[in-house]
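Using the numbering used here, the first residue of the first sequence is number 86, and each one after it goes up by one.
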Amino acid sequence: MYLETQKHFEARIRSLLEERYDLRVDSVPSGTPPDLKFGELATPIAFELARKLRKAPKIIAQEIAEALAGLEGFAKFEVAGAGYINAYLDRPASVRATATPRPATPPESPFHAMVEHTSINPNKAAHIGHLRNAILGDTFVRLLRAAGQTVTVQNYIDNTGVQVADVVVGFRHLEGKSLADVRALIDQSLNREMSRGTKTPADNRDALKGRDFSRAMSETQLPGASAPAALRPFDYYCWDLYARVSQWYDHGADDEKAARKKLRLDTLREIEHGENETAEMAELISTAVLRRHLETMQRLGIEYDFLPRESEILHLKFWEAAFEQLKRKSVLYFETEGKNKGCWVMRRSGSEAAQGEVDEDAKVIVRSNGTVTYVGKDIAYHLWKFGLLGRDFGYKPFFRYPDHECWISAGRGEEPHPRFGSASAIYNVIDVRQTDPQANLVQALRGMGYTGQADHCIHFGYEKVALTPRCALELGFEVADEDLNSPYILVSGRKGFGVKADDLIDKLMAATRAEVDARQTGASAGRQRIAWQIAVGALRYFMLKFTRNSVIAFDFRDALSFEGETGPYIQYAVVRIRNIFRKAGLAESAALAEFANLSAPDLESFLCGEENEDIWTLWLRCARRSQVLEQCIATSEPAHLAKHAFQLAQEFNNFYHKHHILTEEIPARKTFLLATAAVALRELIESLALLGIGSPEAM
RNA sequence: GCGCCCGUAGCUCAGCUGGAUAGAGCGACUGACUACGAAUCAGUAGGCCGGGAGUUCGAAUCUCUCCGGGCGCACCA
């Protein structure tokens, strides 16, 4: 609503400039003034025009403002300061438009976006860094879909990497386990999952509120920490084993270390080659861990459509097809001199090496021993994503969600299957350390002449999640003295140092369940559902409120907070509104229907004047969602929407305290206040849904 | 050495393509539950927006430089 008004305003000024001054401008800047007394929309355009027109800005502003008079949707225009043109909306008209429900979804465009996120190595449990990735990716998917785009969600599985090999080495050589043993272990932990419930310590509520946090830490049991090894979730088991193997490689005599490294490489080769017992064990492990990852993410409402695996990229010879194309298009060339002699290399973007000169800075794609590097495989994979490879995966159903199937790549697939690939745009949710490899990828696409695709190959980068020193200490990790005063400490999967995703979710669930139990008396299942919605709300909001390039220093106190700028704060505003309508015995739609009959003078009196500023502010915020959505997509930054939802809740709470709705004596005004609450409710629910956060019936 | 990111209140962070008086949460201190639930609200204190220069009518925002912090630049995956 606000967005259309703003565009309308800008367009009118543009045509005005053309009519009056014969001036064409590319765009008219406009924005929200710092205070309502300056109106709802303003432009400083008179300042830029001052030189061109050789007139004082104030005079130009005056002329434009006069010519704007009567523009639909606006009450008046004024000139302020040295030459700002301030526009004042026609409040009754604006409020009516905002109250009118908009068409549910914009028309579907043929634009097909592919978002790849999560992509955790399937050798250990997911940790909080992976949660940031998945939550950012999933939220962005929701935003794109809300904007009418068709989106498929991929989760890339590197099941043949050295990390998986390490766990295989661990099972075989540290634990002496056979293929059958590993299979049995997996079956066992699957059975355990089936009967697993969520623990809810009932009496640690005060402790969790922060007064005695260390006590709460010890009382809230970590599900993995103390259970017997064989009964622990399989991904937790692998988490520890992976850390042990990493240690094992680094210890012992030199010849011992060398032998262990060789074991590692041999294992990796066998896995890559396939069709042997090592590869079978790797497949077993990676698939079991992958299932755990999908379950973890499902707890947060995160789902996938397709899981492409590295093993198929290898066995279906994607690289060979890409290599032919790369050679034919001269993107790769064979280096005969210098340090990269004997390799197939690619020039980097911005390379300054002259023609004929040896480009030492070139990126190696095929090593001198003939094997392909990671970037090479990635190029092949991305050609497939855009439908440019000329090959396809086989597909098998893998994981069933309530309303759709998630498919996985396979050597020999099943028919029929949905079509994947051939995207118009792709978004890769990967942390910022991958900026260089991602740039190489785009460079290769560009070099092959796929410039349109290169422009739509977007690195959706984000910073890491680290731990505060205090949090690291709470978890029982040793912290070096020099790190004690640093703002954050990096996690390390290789050292088993970090916070597991499921542990955090369990902790949140325990805390929200305790809060809900203290306030609600309904059936246990209902309370559990509410606790779950709040836990997810707290976690997702926590991960989304930071902009992508800010490092999150993780701390349980902040992440488990339900007050202030948090998901539960917003959810609480929703519950408050629902309570009002419950108590009034009225449906929101009924309130809005009555509202439609209010006269413009009535609306005018309810919306104007000092004492009603907060109400008008709330309506304005409600009108802004589409504008914020557009901004989020343009900047690939979901944090704007998180902020918007919070501000909306904040403004509603403000309104809630100032105006008591149900005791309002003037009928028309009561109708108006109810409609205000109804619209705020609609906008809160919609905004939260876009963030993947549910709106509880009660809290 | 080359490249990228960051530096805003005690702490953690917002600040849209340059715009009017720099915002929020937490923490601290004051207050508000006989009204739609206080997971809330109102108020107070707290800022040379890292330093300097430049562009501009106008800079937290753009350019340069310096200081301080982080991360990339492998024939690793």
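The beta-carbon is built from N, C-alpha and C at its ideal position, and this holds for glycine as well. This structure is a prediction, so every number in the text was calculated from the model and none was measured.
Considering only residues of the same chain and omitting the five flanking positions on each side of residue i, which have a CB-CB separation below 6 Å?
i           : result
residue 780 : 659, 770, 773
residue 557 : 564, 574
residue 711 : 88
residue 147 : 164
residue 713 : 725, 726, 729
residue 367 : 249, 253, 356
residue 637 : 550, 631
residue 112 : none
residue 129 : 169
Residue i by DSSP, collapsed to three states: which one?
i           : result
residue 303 : Below a pLDDT of 50, predicted positions are generally treated as unreliable, and residue 303, at 31, falls in that range; the measurement from the model is reported next regardless. In the structure shown, residue 303 sits in a helix (DSSP, three-state: H, G or I).
residue 489 : coil
residue 310 : With a pLDDT of only 43 at residue 310, under the threshold of 50, the placement of this residue in the model should not be trusted; the figure read from the coordinates follows. In the structure shown, residue 310 sits in coil (DSSP, three-state: anything other than H, G, I, E or B).
residue 89  : helix
residue 628 : helix
residue 137 : helix
residue 171 : strand
residue 116 : strand
residue 427 : coil
residue 256 : helix
residue 239 : strand
residue 512 : strand
residue 565 : coil
residue 349 : helix
Give me, in chain order, the residues of the same chain whose beta-carbon lies closer than 8 Å to that of residue i; leave out the 5 immediate sequence neighbours on both sides.
i           : result
residue 476 : 401, 402, 403, 406, 469
residue 693 : 176, 701
residue 634 : 517, 546, 547, 548
residue 348 : 254, 258
residue 375 : 207, 242, 244, 392
residue 522 : 459, 460, 463
Considering only residues of the same chain and omitting the five flanking positions on each side of residue i, which have a CB-CB separation below 7 Å?
i           : result
residue 150 : 162, 163, 164, 170
residue 230 : 236
residue 384 : 590
residue 416 : 431, 529, 532, 533
residue 399 : 245, 357
residue 157 : none
residue 110 : 99, 102
Given a cut-off of 8 Å on the beta-carbon distance, is the pair residue i and residue j in contact?
i           : j           : result
residue 392 : residue 483 : yes
residue 619 : residue 784 : yes
residue 274 : residue 318 : yes
residue 768 : residue 733 : yes
residue 532 : residue 414 : yes
residue 498 : residue 471 : no
residue 244 : residue 327 : no
residue 513 : residue 201 : yes
residue 486 : residue 388 : yes
residue 172 : residue 124 : yes
residue 427 : residue 396 : no
residue 238 : residue 390 : yes
residue 778 : residue 621 : yes
residue 105 : residue 152 : yes
residue 746 : residue 665 : yes
residue 210 : residue 321 : yes
residue 647 : residue 623 : yes
residue 566 : residue 554 : no
residue 757 : residue 691 : yes
Throw me the rounded Cβ distance for the residue i and residue j pair, which I believe falls under 8 Å.
i           : j           : result
residue 527 : residue 539 : 5 Å
residue 612 : residue 625 : About 20 Å separates the two Cβ atoms, so there is no contact after all.
residue 586 : residue 271 : The Cβ separation is near 19 Å, so there is no contact.
residue 204 : residue 579 : Wrong, their Cβ atoms sit about 18 Å apart, outside the cutoff.
residue 706 : residue 736 : 6 Å
residue 248 : residue 206 : 4 Å
residue 121 : residue 698 : 6 Å
residue 600 : residue 731 : With 8 Å as the limit, residue 600 and residue 731 do not qualify as a contact, their Cβ atoms being about 20 Å apart.
residue 543 : residue 510 : 7 Å
residue 131 : residue 116 : No, residue 131 and residue 116 are not in contact; Cβ-Cβ is about 14 Å, not under 8 Å.
residue 445 : residue 462 : That belief does not hold up - the Cβ atoms of residue 445 and residue 462 are roughly 24 Å apart, past 8 Å.
residue 581 : residue 325 : 6 Å
Q.
Check whether the region 680 to 696 and the region 748 to 761 touch, using three or more Cβ-Cβ pairs below 8 Å as the test.
A. yes
Q: Please confirm if the region 212 to 227 is in contact with the region 257 to 264, defined as three or more CB-CB distances below 8 Å between the two stretches.
A: no
Q | At least 3 beta-carbon pairs within less than 8 Å: the region 515 to 524 vs the region 547 to 556 | A | yes
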